[in-house]
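Numbering (this note's numbering), first residue to last: 1 to 72.
A virtual CB, placed ideally from N, CA and C, is assigned to each residue, including glycine.
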């Protein structure tokens, strides 16, 4: 049985948007660092949460770069 997500998909998307607003192109790297930190402390749920945020941030960055939108 798949574990229930900590937060909803909508909250993941909102977190990714906030990361992009606050960190621009560095948002993906920062999300990765958060995920790695949780993994270092054997917190698999936190790791999965940040990996989900990282994947959404990366997807948003790809979409913005193909649309010609500039990030700071």
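Is residue i buried or exposed, if buried means 16 or more other CB atoms sit within 10 Å of its CB?
{"i": "residue 28", "result": "buried"}
{"i": "residue 10", "result": "exposed"}
{"i": "residue 12", "result": "buried"}
Leaving aside the five residues before and after residue i along the sequence, list all residues of the same chain whose C-beta is less than 8 Å from its C-beta, in chain order.
{"i": "residue 61", "result": "20, 25, 27, 28 and 71"}
{"i": "residue 58", "result": "28"}
{"i": "residue 8", "result": "none"}
Tell me which residues share the same chain as residue i and place their Cβ nearer than 7 Å to its Cβ, disregarding the 5 neighbours each side in the sequence.
{"i": "residue 39", "result": "47"}
{"i": "residue 56", "result": "12, 13 and 16"}
Taking Cβ to Cβ, would you say residue i is nearer than 8 Å to residue j?
{"i": "residue 16", "j": "residue 44", "result": "no"}
Which same chain residues, not among the five before or five after residue i, have their C-beta less than 6 Å away from its C-beta?
{"i": "residue 37", "result": "none"}
{"i": "residue 32", "result": "54"}
{"i": "residue 51", "result": "35"}
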